[in-house]
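Residue numbers (the numbering used here): 16 to 236.
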């Protein structure tokens, strides 16, 4: 949106050329730059009409012609009017942000900055557009949360006493178990079965036939 001698930020559109021929926009074309002290504003409805002429009302317009958004800013005018605080280009900003930036450009250049000023009814004065360029997304101060009360600790419960393991029974048999022995090996060496040895020595071995301990004396045969 470079400021030209005619005070425009883009090439005149077809709509403006037609309006100029009929005398509707002639005054807008001849407007010089307007001082920022003047009452320069327009309603949202007016800006929507301008956008309808400029970009068919597409606020994210980016056709590759160097002009962006609903009001067809070029990058230099977008930056000059402060639009870059919202987005790098106009088409990347919201509708409200584009209108807020257009209001500033209107103060700087007057309605002649838009080729569609006549078609949209954009004039030098009017009520300010009711827009919210910040989108209501200002960071709110975080409320300090009340400190959480520590949950009362339950008194430690005494652990149940572990039953004392009884010493393995030694037995009184004729065979002393050696490390690595199994009932199967003992039975094979003495021509019997492990079931028979276990039955004869259950009181010594206990409930697990696989658990025999070195030093136990088993009755074998």
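Even for Gly, the Cβ is constructed at its ideal location relative to N, Cα and C.
- Message: If you reduce the DSSP assignment to three classes, tell me which class residue 228 lands in.
- Response: Looking at residue 228 - three-state DSSP - the assignment turns out to be coil, as it is neither helix nor strand.
- Does the beta-carbon of residue 214 have 16 or more other beta-carbons within 10 angstroms, so that it is buried, or is it exposed? By the neighbour-count rule (16 or more Cβ atoms within 10 Å), residue 214 is not buried but exposed.
- Item | Endpoints, the alpha helix (DSSP H) within which residue 111 is located | Here the alpha helix (DSSP H) through residue 111 covers 110-124.
- Message: Quick check on DSSP: helix, strand or coil for residue 191?
- Response: It is a strand residue.
- Is any beta-carbon of chain B found at less than 8 Å from that of residue 195? The structure shown has no chain B; it contains just one protein chain.
- Item | C-alpha gap between residue 121 and residue 79, whole angstroms | About 24 Å.
- Tell me, which residues are paired with residue 83 by DSSP? Beta-bridge partners of residue 83 (DSSP): 77, 88.
- Return helix, strand or coil for residue 107, following the three-state DSSP convention. Three-state DSSP puts residue 107 in a helix.
- Applying the criterion that 16 or more other CB atoms from any shown protein chain within 10 Å of the CB defines a buried residue, is residue 216 buried or exposed? Buried: at least 16 other Cβ atoms inside 10 Å.
- Message: So, for residue 208: in the same chain, excluding its five sequence neighbours on each side, which residues have a beta-carbon less than 7 Å away from its beta-carbon?
- Response: Taking residue 208 as the centre and dropping the five residues before and after it, the same chain places the C-beta of 202 closer than 7 Å to its C-beta, in chain order.
- With DSSP collapsed to three states, give me the class of residue 198. Here residue 198 sits in helix by DSSP.
- Message: Since residue 231 and residue 192 should fall inside the 8 Å C-beta cutoff, what is the C-beta to C-beta distance between them, to a whole number of angstroms?
- Response: Correct: roughly 5 Å between the Cβ atoms.
- Message: Along the chain, where does the alpha helix (DSSP H) containing residue 237 start, and where does it finish?
- Response: Because the chain here runs from 16 to 236, residue 237 falls outside it and cannot be looked at.
- Drop a sphere of 10 angstroms on the beta-carbon of residue 150, count the other beta-carbons inside from all chains shown, and report buried for 16 or more, exposed for fewer. It is exposed - the Cβ of residue 150 has fewer than 16 other Cβ atoms within 10 Å.
- Query: By how many angstroms is the C-alpha of residue 198 removed from the C-alpha of residue 190?
  - Reply: C-alpha of residue 190 to C-alpha of residue 198: approximately 11 Å in a straight line.
- Query: When you compare only the Cα positions, how much space is there between residue 69 and residue 87?
  - Reply: Taking the straight line from one Cα to the other gives about 6 Å.
- N-terminal and C-terminal residue of the alpha helix (DSSP H) that residue 184 is part of: It is not in any alpha helix (DSSP H) - residue 184 carries neither H nor E in the DSSP assignment.
- Message: If you measure between the beta carbons of residue 138 and residue 126, is that distance less than 8 Å?
- Response: A contact, by the Cβ cut-off of 8 Å.
- Contact set for residue 77: own chain, Cβ-Cβ below 7 Å, skip 5 residues either direction: Taking residue 77 as the centre and dropping the five residues before and after it, the same chain places the C-beta of 83, 106 closer than 7 Å to its C-beta, in chain order.
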